[in-house]
Every structure is written in structure tokens, then in C-alpha cells.
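Chains as they are written, first to last, in this note's numbering: chain A, 2 to 805; chain B, 6 to 351; chain C, 40 to 254.
Using N, Cα and C, we set each Cβ at its ideal position, and we do this for glycine too.
Below is one structure, written out as C-alpha cells; the observations come after it.
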Amino acid sequence: MNRAIIQALLSHWLRHRLQLVTLLIGIALATGLWSAVQAINAEARASYQRASDQLALGLFDELRDSSGPISIERYVVLRRAGWQVAAVLDGPMRVVGNTVQVMGVDMVAYPPLPAVTQIEQSETPPDPAAMLTAPGRLIAAPELVPILQGQDGLPPVLSSNALPPDLILTDIGVAETLLDKPGQISRLIVLPTQPRGVPLLSDIAPELELVKATDQLDTSQLTDSFHLNLTAFGLLSFAVGLFIVHGTVGLAFAQRRAMIRTLRALGVSMRRLVWIVTIELAVLALIGGVLGLVLGFLLAGVLLPDVAATLRGLYGAPVDGQLSLQPQWILAGLAMALGGTLLASGHALVRLSRMPLLSGAGLQAWRGSGKGQRSSGFVGTALIAGGLVIGFVFEGLVAGFAMVGGILTGAALVLPYLLSLALSVFQSRSQGPVAQWIWADMRAQLPGLSLALMALLLALAANIGVGTMVSSFRLTFVGWLDQRLTSELYVTATDNQQGLQVAQWLKPQVDAVLPIRSVELSHETGPLFLYGIVDHQTYRDHWPLITSSNGVWDQVLAGEAVLINEQLARRSTLWPGDNVTLSPGHILPIAGVYSDYGNPTGQAIVSMSQLDQIAPGADTRRFGIRIAPERATEMAQALRDQFGLPRQSVVQQAAMKAQSLAIFDKTFVVTSALNVLTLGVAGFAILTSLLTLWTQRLPQIAPVWALGLTRAQLARLELLRSVLLAALTATLALPLGMVLAWALLAVINVQAFGWRLPMFLFPADWAYLFLLTLLAAFVAAALPALRLLRLPPADLLRVFANER
Amino acid sequence: MNVKACLCVLLILLPPALRAQGYADLGGPAEGYAIPQSGYQFEFPRDHGPHPEFRIEWWYLTANLTGEDRRDYGIQWTLFRSALKPTETEGWQSPQLWLGHAAVTTPETHYFAERLSRGGIGQAGVSAEPFEAWIDEWSMRGPDPSALTLTASGPEFAYNLSLNAQGPIVFHGDAGYSVKSADGQASYYYSQPFYTVEGVLQLPDGDVKVTGQGWLDREWSSQPLAEDQSGWDWFSLSFDDGDKLMAFRLRGGRGDFTAATWITPDGTASPLPDGSATFIPLDTERVAGRDVPVHWRVTLPDRDLDVEVSAITPNAWMATRFEYWEGPVKVTGSHTGRGYLEMTGY
Amino acid sequence: MLLNIERVQKSYPGGRPVLRDVSLTLDQGQTLALTGESGSGKSTLLNLAAALDGFDGGEITLDGTALSGLDDRGRAALRRQSVSLVFQQFNLIPSLTVAQNLSFHARLANREETEWTTQLAERLGLSDLLTRYPENLSGGQQQRVAIGRAIAPRPKLLLADEPTGNLDETASATVLDLMLSLVSDTGAALLLVTHSQDIAARLDRQAHLAGGHIT
């Protein structure tokens, strides 16, 4: 019996192959986009975990000095008091335009790291003497090895795949040379085994702070915001995909009503039917899910390298560009496909189970009454209000996303009501009978299309919002680069001595030589880079201050005040007038806050003499050079020749800007890719909705045709209707997108990156998007319209037939 | 004492596959390193300090102690120096590595700890005057080696002892030039075997006041092992009549190489050539997965010595980076007394 | 002659002939009842006369226009301007109100006369229902709207297909009376398909369709 029923039910799909394909595409798109995002997130997180394991991060308690590096003397004092600690010196190093992290550990005392063990067990292990004494050895991931080997002046490189990319592991004695931080220790890890009777830390090294392993800021926390961002996009895509599934399943059920009624009349119980149909859906969901996983895997593979670049660039988080297939990802993807399909079909299933044996007419439109629209409008309004309340009352990224989520969902729910309102206004103003009919007909059709239109609204709003955010960011960033990179040339000498020579050599030849000197301090919010500046008009004219007190530059240059970057200001809520503790004993009032994009850490600026007081011995290797722009190229070459500097040590402003922008653009490749995909899916949702409504269209069109409209006219009107609805939706999406952009710029960005950006409007982009939307709606309606155009009159006449 | 140290330190950073090569290196020429020469004139306090131009060196102290509870205890305090290059530099890039071993042996249990450091930064080292040998919080210090304070600690134990020499420094071999193989490999080797010791052991069950006798070995060299030598058994014994004996056997493929020094209570040292002493294992104990001979018969016909030497605590295993057995022993037979036994290569 | 059907042939898709050789004429102001068994082709003939469908042979001339020469657009114009239709299923436009439905055809034909429409609504007893939607009307009311929609443009020819087929007896009588009186008032010709001899008897002429021929 089941076989017969299944055969009957499946025969439908054989006759409606397009519908089957649509359904599978819907499930596959929903699953695919979601799974792609999940795969990217999982891969990134796995990379952090791998890196943590490889570097034994977060395994041990650590000792840190908030005022700066720890001296070797301090380390020996601790050791001689019995404290079993191991020294680590880390810092960034530039290699051929890339920043790599150098981690120098005391190879003698540090617990064996997987990479070291791997090297020791290799075919040609290095002599311990080679590892520990000059020039030493560097250990790096295989992809980094050739880059390092091409560099002059670096120790020999050993390859180990037990290291994250962009990291050099070496002995601390090698690292202090490499990083030019002789005698400095960044942190001490506390080894697990300690002898009896160790004195209290406060008695022997009160300036050191014990950081528990569990309290250490780990990369995954830092990047949570980014992943949440991607997840939100994934969910949005998933929701949009489900609209398609909902539409197709609804249509399939409507078309199979007669068959189901017959089956019931033949003695099949409703219970059995519901079960069989549910299983049928589950099987389809799994097929679509598998397609979606393939799609997702491919998509993730394409997007991951950019995500990896973003995460490395923004957070210094180590992420491989390689994707690996994980079983839990497959299971989760299939579960989402299954759950999503059943959720999207729930409505249809319930209607099926409630269908009376002898019901009336075969096909009915989803006749959503005005009442339904109004109540969904109320719920929507409530959601918007709730989202706003959450956004303004609670802090944090999750609250930010909750606000955006509430506003978006709410707006989607309000959409049918607003559209209906707009249509009735148009209807009341319209003159001709056809126009009047069109508006009335659109209103009547709204309930059937509203889900697809909601999908379109969400996709458009996301597009406008994210697009505005990215473009605003880019515009701000470009402006900021212009302000920040004012020197025509930037030079980095190999050491302090050469630095002095460079400065002296340059002075008579150029307008100004501005030293760039900094030290890394430790603030309660994380690392803090302190910069010293000399008095020069360049800073007064160009430095990108967001807010400042009167006479800001005079105060700072007199050593009486400090400038801090926006990240630090927002993280520790310090603003002009407040005091900031740079190191114990050095507390300065804040005179101004400057914007500082593309940098996750806190920064502060003081006068040069103040810098030397707070942290003596900062390097004097880097300089900004003011020179007539047309002489910059010539001077750069002269500098390289004079001091034998490698190419990358003398950089021109233009090159630096171009490089910064390239990094920036790469950061948002993923975002815009997901954006476009979501819009495409929404277009597809409109198509499926129109196809669904198609069978219900004839009884409405036939009388109009009979009264004297040609099929071509009717087909054109079909196209017009779709385009008009899309246009109305797009019009409503614009303010929603603005709100979203505002939320992203003013709330989410502040939480995720630590900076607030001004919002710029891009009407040209909107116009482009608007046209794209109309095009999508036109394409989506083209198929139904073409069908109508080619419809034999006999099919229309059937509507009037007496014997039905 | 001991050839062992050289292996210990040098092999710390080497993987197991390379240990064979490590042995071979020790047997090979000591490139750039100084070589012990016969007829060397020791000069103190200079020679109490380190000799970075030699590859290996150690300050090795053991003591047999009796607690106020009348039980036998033993302690070990060792600082090894191993040079990756025959130079010393300031900072992390110093090629001098230092390794500390400390242990307390009770009749039932053997507690030990290990420390590793490099030179150049002050975490470990030795100064000749005033004398101090240290690594981390462990130290052996005094105005000179005749009066020392000794401290060490591990997770389960700590000790603080004072040592006073009751006799002179003793030179082994030919006035401190100690030959280690038939091929002529040799080291500089002197001892201070006359310490009286008193102090406190801190153990998991509480503090124990102890008194007893201590023995310090000083040795440095650059290539002390012959190619075929695979391990050694080393004895430092103090007899109840006041005489003392240092004797060792290097086990090699071409046969054993032995050496010994007989020390009278006034400090007169008589070196005894290869073959003078015989060492016969009588009984083994299963320790750390190996059969270790913890019961010996040692004879020295020249001195009418025929004794059985047995471990007080058979499980005195040093499970450090380089593993070996080191613990207090009891002597019975023609002479009675106590001492320390060290065995490697099992 | 308003409508001249001459030797018309029509087959269903698939080839089964419905109308083999049908000829029929109708003059201005005349009413004609077309009767026949189920499936005899009455509705098909009516659809052909309404320019809703094409035919395979013969010719139909409506108000001097030969239908066989018309394209889709020409046929639509003819339906708009010269013919009105009343169906058994009413076929009102569900998204428009009664008032909008009433005037819809007249406005399509550009012949809306507000006064006339109002008058029609009154005569059809629809004045109180003008703002309602079709789904809220009874069958009789819906059919009265459909008749009003058909008469409003003052068509030369009214084609009705079982206009009372879906109504009970009382409603049926009312609707028929109204239709006939409006037809005679406007001078339109009426071609009415019915299977009821009683209804057929009330019209000027009767024709019977059987076996694809008029008998």
C-alpha cells in the first residue's frame, strides 16, 4: 500500500520537474550559504586552537610587567628565589611587506613545543649549539620558509608544519637580535612544577603581575565579533533560502490536493499520508542538503583565503588558508537542511492534515486578509521596538546584533501591511480601469508574494546597510590615510646607529626629518604602543583628531598631556580631561583622541622627551621625511644607495597608501560576496513565488482576457506587477538599510573593532542596486509572463467551462 | 666521578636517535676545546671556578647522613657545566649550559629534582672566590670550599646543610691527571672527601635534623670516554677506621677499565692502576624497568680489601633527562663503613 | 445581420470534432436560445461567437467583421467593443468592488456613462452593495453584477452561457427577467445557451445543437 501511495505522490515531481529542481535548489542554497559560513568559522577556530596547542598558549600562568618589558636581571632574581619560569620575547617583524610574529622562547627552559620536537626528530636535526648560539636557527611553517630564506641577514631557517603560518619560532637569544630588543623579556611563563617554599611574588618582584592561564586574552575571543558577523550573514542567507522552500512546497501541496483527496477517498488514512509526505520531504531535504554541502564547501574554499587574510590583518590571528572537511560540519549542515525544510513546510503540512475529505474548490489563493497583515504588522512593530530597546539599553556585540535582528525581522513583518497600504493609495488615485485592476490585483496577490518580498527586503536592506558601512569605512579610511601618512617618504634603518646617520645625512637635504619612535607598554586593556613625536607643523595640520581640548598640541609637546587612539579611548572610556596611566608613576591627562584604523591595539602619543622619560631606550630607526613630492623617488633611491638599505626599508607614501587600501579591500571581499549571493537568492525566491502563484492566476486573468485584453497585454502587466512590487519593496528597503548601516557603524563596529565611523550616503550605489532589483524582479517574472503569452485560449476558456 | 655528566649535559638537547652520535663525538677529537695535560699545576682558588675552555666540568657533592631518628639518609647536590663552544659570552647566546641535580634518599624513598640553565645571564654558574656554585635557588657557597652552606629544593623536598672540611684536598691519578681509558683519555680530578655535615632535611613528613659525612668531587675534561665505553660503576666509600676509597669501573667492549684512589685519614692519596680493583655484581633489583646491580663485591688485594657493598635504598633512580642510579650504600666485610654508589648505562 | 455563423467547423485539441458544420444567424435586437445535450458544443459555439477562440473552418461575421481574419489583438478589440459575456460561474474580478466590476467593461470600451451605470445598479438592485467585494455576495447577486457589467457598455450582442445554471429557482427567475428586460431596453441581440426548455421558450427563436449540427 505504501508503495502505491509513494508512487502516486512521486508522480507529481516527475510531471513537475522544474518544481523539483526549484525545491532542491532552495534547500541547497540555504544549506550551502549557511554551511560555507560555518566551515569558514570552524576552520578559523580550529586554526586558533591548533596555534594554541602548537605554541602552548593559554596552558600556563604568566608573569607580565604592565609598564613594559621585563629585564633579564628580574628573571634571574625570580629564578634565584626558586620561581620556575621560562622567558618569552615576542614581537612583530616585517618580512617582504608581510608582518610576521616572532616568538622567541628560552629553548633551554621552555616546555618542549611540538615544532621543536619535530625538528629534533627530523632526518637532519640541528646541533644544539647551532640552535642556541649565534646566528641561531629560525623555525617556521613550510609556506613561510622560502620567503625567509630569500632574506639577507636572517639566520638559517628550519621548516616545521607544527607552527601557524606567519610565525617564527626561535630561541630568545636569536629573537632579541631579530627584534632588536636586547635584554628584553615580554612575558614569563610559570612552569607547572615549582619547588617547596617559593617566596611570594609581591616580596621579590612586586611590579610583576600574575596572569592566570584562563584569563589570557585568546585569539578566539578577539575574533568572536568577526565570526558573529559572518554567522549573522549565514543565518540571513539561510532564512532567505527557506523562503524558496516554503514557496515550492506550498505549491506542490496545492497541486496535489486533488490527488490526496482521491487517496483519502480510496481509504488511506490522513495519519499515514502525513507521515509519508514528511518522509518524502526529509528525503528531498537530505538530497538538497548534500548538494548544499558541496556548494558550501566550494564556496568556503573560495572565500577562506580572504577571511584568513582579514583575520591575520585585523587581529593577527593565525589562520591557514586551507579548508579541511570535518564530520561534524557535514552533520550540522544536513541537520540544518532537514530542520529548515520541515520548518518551511510546516505550514503546508498542517494544512494538509486539516484538509477535510470533501473540500470545495481545488485551488485557493493564500487569501491573507487585511486583518492578518495588520496583526503581523503589530508583531513587526513590536520587534522593531524591542530591538531598539535592547540596542540602547544593553552593551555589547550580541545586543548590537539583537537590535539589528529585531529591526530587520520586524521590518520584514511590517512589509506586507505597508505594501498593502501603498497599493491602496495608488489604487484610489488611479484612473483607468486596467490600472485600477492592476493595483487591486497586486493587493490581492500580496499574501502569496509577501514571503518572497520579505526575503527581498532583507537582502536589499543588508546590501544597502553593509554596502554603506563598507563604503563609509573606505571613504573615512582613505581620508584618514591622507591625514596620517603625510610624510612623503618613510625610512627604516637597520639599527639605532645607522638611524642617527640617516637622520644627519637627510637633515640638510629635506624639509623635515620626523623620528617615529615607539615602545610597547602594557595597559589593563592589552598592549599599548607609546609613540614619541617632535614638534612639527605636519602634526598640527594633519593629525586625525576626533576630539581634543584647547591647545592640544602645545600641551602634548610641552610634555603635559597625551593623545590616545580611539580604540583605547572606547575600550577604557577615557576622553579628553581624563587621566591615563602609561606606566606606574606616569599618569598624564588626555588632550585628544585620534582615529586609528586597521589596528587592534591601543596607542598613545607623547612628546619625544616624555617618551624617553617613561620608557628610556626606544629605538630611533624609523623616520618620516617631508620633502617636495616630486623629489621623493629620487631621494628614496639616494637613501638606499647611500646606506645600502634594502628596497622595503625606504617606502614612498603612495606605495604605502596603495598597500593599505589593498589590505582594506581584501578585508571586505567576503562581506560583499555574501551580499551579492543573498540578493541572488532573494531574486530566486521571487521567481518561485510567482511560479507558485501561477496556477492560481488563471481564474483571475481569464475574465479580464474575456473582456477584451490580449494575452500579450496581460503578460506585460504580469512583468509590470513584479517590477512594481520589487520597486516598492526596494523603496522601503532604503530607509531600513540606512538604519542597518547606522547600527553597523555606530554600534557593531565600535564593539567589534573599537572605532566609530561617520556615515556617508552613496545615492549612486542605491540607484544601481535599485536597477539591479528591478532587473531581478523582471527576470523572475519573465518566465510566468512568457508562459502566459504562449497560453492556448483553450486553457483560459477552461475557467469558464460549465462542467467542472 | 664521572664520566656520566658529560653525557648528561651534552645529550639533553639531542634526540634519542642521535645519542649514538653523541658518544662518538665524545670519543672524537675535541675541536677547539682544551685537553687535560699531565703535569698540570693546580692553582686555587682559581681552579675551584669554571673552566669554559673545557667541554665538561662538574661540582659533585654526596653525603651519608644519620637523622636524629637514627635512620640513614643520603643527599646529592650536583652542578654540571657543558660547553657548546669553548668560550663564554654575556647574555642568552652564551654557549655554556648548566645542569643541576639534587636528591634526598631516605631508607624508603628517593626524592630528586633537576634544573637547567645557560650561562651568560647569571641564572647559574660558579665563582671561585668567594666560592659559590649555583643554579636557580640552589647553591653551594662559602668563603672557600672548606666551609660550605648547601641548599637545594624540589617539589617534595628541600635541604639546608653546612659542611666543614676536616682534611685537605685530595688529587686523583697522577697529581690530579686522571686517566679514563687504555687509549689515554683523561680528566683533571680532585676531591674534598673530609666534610662533616649537619643541617636539616625538609621532607613531606616533616623536618629531620641530620649529621654525617660529605664528599665533593671536582672534575673537568673535554673527551673523557673511549669509543667502546658504554657505562660505569663508581664508588666513594668511607670506612669506619678513617680510610677512604674512590674506585670506578668503565665498562667497554674491549674490556673494563678500572681506577681507584686509596685515601688515608691524613689525606695521603695513593692512586691504584687499571686492574687493581675488581667489581662483581652479586644481586640485581628491578628499578625503573631495568635490572640494576644494587649489591656488589669489591676487592682490592693491594689493601687487603674484600667487601660487600649494598644499596640502602635500591630504588634510588634519577629519572632525569639522562637517567642513572645514585644512592647511599652500606659496606660490610673486611672493612665496614658507608659511601655512595653511582651506576650508569643500565 | 448582426451575427452570421456560416458552416463553422471546430475540433478539440486531439482532433475530436465538436462542431462539424454549423450555420446560424442573428439580427439586431433578436434573442436566440441555443439548446443541446451536455457536450454538444453549445459553449464552444458561444466562445467562437465571442471571439474567445479560433475555429477550423467556415466563417463567423460579427457586425460586418469576419472573425477568421482577426489576430489576437483584433479579437480582443472586438470583445471589448462589440460583445458582452455572462457566464454560469459569474467570473467577476475578485479584487475589484461591485461598483468597479459594474463599470469595468464599459470603461475598457471607453463608453462609460455614469448615469447609466447608476441606473443599471438600481435596476439590478445593487445600489446597496456597490462597495462590497464579489466574495461577499450571494450567487444571484454576483450574477446580477455580471449582467450589469455586460450591459453597461451597451453591447450590440450579449452572449450568455447558462447564466442561471448556478442559481436556485427564485434567483434564477429574477436574473432571467432582469436580463431580458435590459436586453430589450438596450436593443441588444442575445445569444443564450441553456438546457432548459422553459427558458428557451421565452426567447424569440430557438436552435438545437446535436451531433455537431444545428437541427
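Check residue i in the structure and name its three-state DSSP category.
i, result
"A/His537", "coil"
"A/Leu522", "strand"
"C/Val232", "strand"
"A/Ala309", "helix"
"A/Phe761", "coil"
"A/Tyr491", "strand"
"C/Gln120", "helix"
"C/Asn140", "helix"
"A/Ile565", "strand"
"A/Leu725", "helix"
"A/Asp167", "coil"
"A/Gln329", "helix"
Between residue i and residue j, which are expected to be in contact by the criterion C-beta below 8 Å, what is the C-beta distance as a whole number of angstroms?
i, j, result
"C/Pro194", "C/Ser121", "6 Å"
"A/Gly758", "A/Thr574", "In the sequence as presented, Gly is not what sits at residue 758 of chain A; that position holds Leu. Contact flag wrong, Cβ pair sits at about 19 Å."
"A/Ile186", "A/Ala88", "5 Å"
"A/Ala441", "C/Leu135", "5 Å"
"B/Gln98", "B/Gly125", "7 Å"
"B/Leu70", "B/Tyr78", "4 Å"
"A/Val503", "A/Ala619", "Their Cβ separation, rounded to whole angstroms, is 16 Å, which puts A/Val503 and A/Ala619 out of contact at 8 Å."
"A/Leu715", "A/Ala781", "Between A/Ala781 and A/Leu715 the Cβ distance is about 17 Å, and since that is not below 8 Å, they are no contact."
"A/Gly1", "A/Leu296", "Only positions 2 to 805 of chain A appear in the structure, and residue 1 of chain A is not among them; the question remains open."
"B/Ala274", "B/Thr263", "Not confirmed; about 17 Å, so no contact."
Cα separation between residue i and residue j?
i, j, result
"C/Val232", "C/Ala185", "16 Å"
"A/Arg51", "A/Pro157", "25 Å"
"A/Leu699", "A/Phe779", "20 Å"
"A/Ala5", "A/Leu680", "41 Å"
"A/Leu60", "A/Glu208", "23 Å"
"B/Gly211", "A/Thr194", "20 Å"
"B/Leu221", "A/Pro127", "35 Å"
"A/Leu407", "A/Ile41", "In the sequence as presented, Leu is not what sits at residue 407 of chain A; that position holds Gly. Distance between the alpha carbons of A/Gly407 and A/Ile41: 26 Å."
"C/Thr213", "C/Gln127", "15 Å"
"B/Asp279", "B/Trp239", "14 Å"
"B/Arg123", "A/Pro647", "35 Å"
"A/Gln611", "A/Val117", "42 Å"
Since residue i is in the alpha helix (DSSP H), which residue starts that stretch and which ends it?
i, result
"A/Met356", "Where A/Met356 is concerned, there is no enclosing alpha helix (DSSP H), given that its DSSP letter is neither H nor E."
"B/Val336", "Run containing B/Val336: none in the alpha helix (DSSP H); it sits in the beta strand (DSSP E), Tyr329 to Gly338."
"C/Lys81", "Lys81 to Ala88"
"C/Gln158", "Thr153 to Arg162"
Between which two residues does the beta strand (DSSP E) harbouring residue i extend?
i, result
"B/Tyr194", "Ala191 to Leu208"
"C/Asp60", "Pro56 to Leu65"
"B/Ala293", "Where B/Ala293 is concerned, there is no enclosing beta strand (DSSP E), given that its DSSP letter is neither H nor E."
"C/Thr170", "Segment: none, C/Thr170 is in no beta strand (DSSP E) and carries neither H nor E."
"A/Tyr595", "His587 to Tyr595"
For a contact defined as C-beta to C-beta under 9 Å, what are the partners of residue i on chain D?
i, result
"A/Arg712", "Within the model displayed, chain D is absent; protein chains A, B and C are what it includes."
Worksheet item: How do the region 152-169 of chain B and the region 194-203 of chain B stand: do at least 3 beta-carbon pairs fall below 8 Å, yes or no?
Response: Short answer: they touch.
Discussion item. Between the region 107-120 of chain B and the region 68-86 of chain C, can you find at least three pairs of beta-carbon atoms closer than 8 Å?
Written reply: Taking 8 Å as the limit for Cβ pairs, the verdict is that the region 107-120 of chain B does not touch the region 68-86 of chain C.
Discussion item. Using a Cβ distance threshold of 8 Å, determine whether the region 582-595 of chain A contacts the region 635-650 of chain A, with at least three qualifying pairs required.
Written reply: Not touching, per the Cβ criterion.
Discussion item. If contact is defined by three or more beta carbon pairs under 8 Å, each pair taking one atom from either stretch, is the region 88-103 of chain C in contact with the region 790-802 of chain A?
Written reply: With the cut-off at 8 Å, the region 790-802 of chain A and the region 88-103 of chain C touch.
Discussion item. Would the region 762-773 of chain A count as touching the region 447-466 of chain A if we require 3 or more Cβ pairs under 8 Å?
Written reply: Three or more beta-carbon pairs separated by less than 8 Å link the region 762-773 of chain A to the region 447-466 of chain A, which places the two stretches in contact.
Item to complete: Could you tell me whether the region 523-538 of chain A touches the region 591-609 of chain A, where touching means 3 or more Cβ pairs closer than 8 Å?
Response: The region 523-538 of chain A vs the region 591-609 of chain A: in contact.
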